[in-house]
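Below you'll find the structure, written out as structure tokens, and then a few comments.
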Amino acid sequence: MSGFVDELVALIACPAWGILSDRVGVRIVCVLGYAIVGVALILFVQAKNVFPQLLLARLFFSVGGAATATMVTAILPSMTGRETDNSEDSYISRTALPENVRHSIAARSLDSETTITPANYNTQSPSEPSQTNKQTGSSPPRLAGLVGLFTGCGALVALAVFLPLPAQFSQIKGVSQGQAVSDSFYVVGVVALLVSCFCFIGLRGLADEDGKGWSLLLGKAVPREYHAEESNDFGHGRDEAEGFQPYWILLRDSTVLGFKDAQIGLGYLGGFVARASSVGISLFIPLYINSYFIGHGFCQGSPNDPSPELKKECRRAYVLAAELTGVSQLIALLCAPVFGYLSDRFRRFNVPLLAASIFGIVGYTGFAQLVSPEPQDINGRGGSPAVFIMVALIGISQIGAIVCSLGLLGRGVLGAEGGYNLSAQLHDAVDSIDRPLNDAPETAPLMGSPKSSKASSRSHLKGSIAGVYSLSGGAAILLLTKLGGYLFDNVSNGAPFYMMAIFNAILLVIGVGAGVYRELQRKR
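With the sequence shown counted from 1, adding 1387 to any position gets you my numbering.
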């Protein structure tokens, strides 16, 4: 029951942290998240009763964990910078209005502005193309691959360093087993607090974070420099106070984007499948193995019993579950950077994401149909090494969904142009003039600029988008644990795996449909 409440809290906290980061900044939310995790771990061992103290400490930890998980997604666009765009439209906009020319115009008087004719303006050659091109950096898919890799490495650190801490502390003379567990929580809590300090120092100066802070928490006026930047009257910013969009509008817009933008929508759906896959691997594979051994009389007990006694009595089942999940996660760890590279390389039809969904369909369906989850045919029970192939495919499917969905969100947030301006959140932000230069009258002020970044970039919504992404993942966890668990107990042991195969099939169909629709739109 506490696990269910924990997930419900995370389900609410993820979008809340996301939209909050759009106001105060990713850095502040990261610092708060790790600080909350550290304090919660320290408070956890101070609890004197299960309810309410222990439950509240766990929920407090869940709130902090939701912040850290959500910011992993939100920080990707800031870390990757802007992508180089060599398209024809981008070339025209760069040659028509180089940045150095635009900046010089902003410094001129309004009278001198009106003397510049479109013909004269078009004849100016852009100087130093390297300055006019957009910033280049690691692409979101490749960075997402590294995120997946280091996430797996973090799990290995927890397994190799943090998990043995109670046993190590208990060997100290005069330290009881209970005190050893408490000391272990203190150590991990201090590590989380140190990570919070590192985030405070290391995440300074992130791209797209200028002007964010506590002053915007309640939607106070935007600093004057942001008004001037978006104003069509160069050097004449708006003096009146302007409020940011309400939090619920940020959440609404980021949700609606999932239905309007194929990249964002596939990212949300990929996150749903990825989080569901984590439950399938960590929960239902061991449960399936325990159920098999108990159902065939190889050990006694209930497959849902988490007690150490069951692990001792069903040691073979416990070891087999550890082997299969370990193989699955190891393959996923190794494939993370591969999917990052492939996702960046083959963007047109999102081929890596589609391939990952196919692997998931084959892996989950094949695992559910195995006669025995054992890798060997012991006493004619039907075991086969094919089980390792199935769990490997499941692991590939999981990491593919994680990396590709993060990459899609990163690309979707940056947009075709990858621009960003904080005042895109303003109620009455002035639309930039898109009129062709050749149609402008000779006496008209030449204030046209390239297409507004608001149309192509969603960086002002990156936190909210990350929150909805985490929300979809949390919904997947609740759906699979509750419905999948019910079907496991009442219908078939393979039901949760068939559910996962269906999830991957839906992802495949929607991914193919989105790719075909995009190609048809291009040909028109």
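Quick reminder that beta carbons are idealized off the backbone N, C-alpha and C, glycines included.
Model, not experiment: these values are computed from the prediction.
Practice task
Using three-state DSSP, classify Glu-1906 as helix, strand or coil.
Solution key: helix
Practice task
Compare the beta carbon distance of Ile-1745 and Leu-1895 with 8 Å and say whether it is the shorter of the two.
Solution key: yes
Handout entry: Residue ranges of each beta strand (DSSP E) within the segment 1628-1672, 3 or longer
Key = none
Practice task
Report the rounded CA-to-CA distance for Met-1886 versus Ile-1781, giving the unit in angstroms.
Solution key: In this structure, the alpha-carbon of Met-1886 lies about 13 Å from that of Ile-1781.
Practice task
Assign Glu-1761 to one of three DSSP states: helix, strand, or coil.
Solution key: The answer is coil: DSSP assigns Glu-1761 none of H, G, I, E or B.
Practice task
Note down the Cα distance separating Gly-1412 from Val-1562, rounded to an integer number of angstroms.
Solution key: 43 Å
Problem - CA-to-CA distance, Ile-1765 to Ala-1453, given in whole angstroms - result: 44 Å
Practice task
Note down the Cα distance separating Leu-1874 from Ala-1888, rounded to an integer number of angstroms.
Solution key: 15 Å
Practice task
Identify, in the order they occur along the chain, each residue of the same chain with its Cβ nearer than 8 Å to the Cβ of Gly-1600, setting aside the five sequence neighbours on each side.
Solution key: Val-1411, Gly-1412 and Ile-1415
Handout entry: Through-space distance from Val-1418 to Cys-1586, alpha-carbon basis
Key = 6 Å
Problem - N-terminal and C-terminal residue of the alpha helix (DSSP H) that Cys-1686 is part of - result: Unbroken run through Cys-1686: none, as it is neither H nor E.
Handout entry: Straight-line Cα distance separating Leu-1670 from Asp-1476
Key = Confidence at Asp-1476 is low in this model, with a pLDDT of 40, below 50, so the placement of that residue is unreliable and no value is reported for it.
Exercise for the section: Mark Val-1534 as exposed unless 16 or more other C-beta atoms lie within 10 angstroms of its C-beta, in which case mark it buried. Expected result: Within a 10 Å sphere around the beta-carbon of Val-1534 sit 16 or more other beta-carbons, which makes this residue buried.
Exercise for the section: Might you give, ordered along the chain, the residues of its own chain that have their beta carbon closer than 8 Å to the beta carbon of Phe-1775, omitting 5 neighbours on each side? Expected result: Leu-1711, Val-1714 and Pro-1762
Problem - Proximity winner among Asp-1393, Ala-1400, Ala-1461 and Leu-1398, relative to Leu-1441 (alpha-carbon distances) - result: Asp-1393
Practice task
Measure the Cβ-Cβ separation of Gly-1444 and Ala-1456 and say whether it is below 8 Å.
Solution key: A small correction: the amino acid at residue 1444 is Ala; Gly does not occupy that position in the sequence shown. Taking 8 Å as the Cβ cut-off, Ala-1444 and Ala-1456 do not qualify as a contacting pair.
Problem - For Ser-1792 and Ala-1755, the rounded distance between their alpha carbons - result: 26 Å
Practice task
Alpha carbon to alpha carbon, how far is Thr-1460 from Lys-1869? Give it in angstroms, no decimals.
Solution key: 26 Å
Practice task
Compute the Euclidean distance between the alpha carbons of Val-1899 and Leu-1907, then round it to the nearest angstrom.
Solution key: 12 Å
Problem - Expected contact under 8 Å - CB spacing of Ser-1859 and Gly-1667 to nearest Å - result: Their Cβ separation, rounded to whole angstroms, is 16 Å, which puts Ser-1859 and Gly-1667 out of contact at 8 Å.
Practice task
Specify, as a first and last residue, the run of the alpha helix (DSSP H) that Pro-1528 falls within.
Solution key: 1527-1544 is the span of the alpha helix (DSSP H), which, as asked, contains Pro-1528.
Problem - Alpha-carbon to alpha-carbon, Gln-1566 and Arg-1734 - result: Cα to Cα, the separation comes out at about 53 Å.
Exercise for the section: Count the other CB atoms, across all protein chains shown, that sit within 10 Å of the CB of Gly-1802; report buried if there are 16 or more and exposed otherwise. Expected result: buried
Handout entry: Assigned exposure category for Cys-1722 - 16 Cβ within 10 Å defines buried
Key = buried
Handout entry: Option nearest Gly-1850 by Cα separation, candidates Pro-1673, Gln-1716, Leu-1796 and Gln-1785
Key = Leu-1796
Problem - Length of the line joining the Cα atoms of Val-1424 and Val-1574 - result: 12 Å
Handout entry: Same chain, Cβ closer than 6 Å to Ser-1771, neighbours up to 5 away in sequence not counted
Key = So no residue of the chain qualifies.
Problem - Between the CA atoms of Ala-1882 and Val-1758 - distance to the nearest angstrom - result: 15 Å
Exercise for the section: Could you have a look at Arg-1911 and say whether DSSP puts it in helix, strand or coil? Expected result: coil
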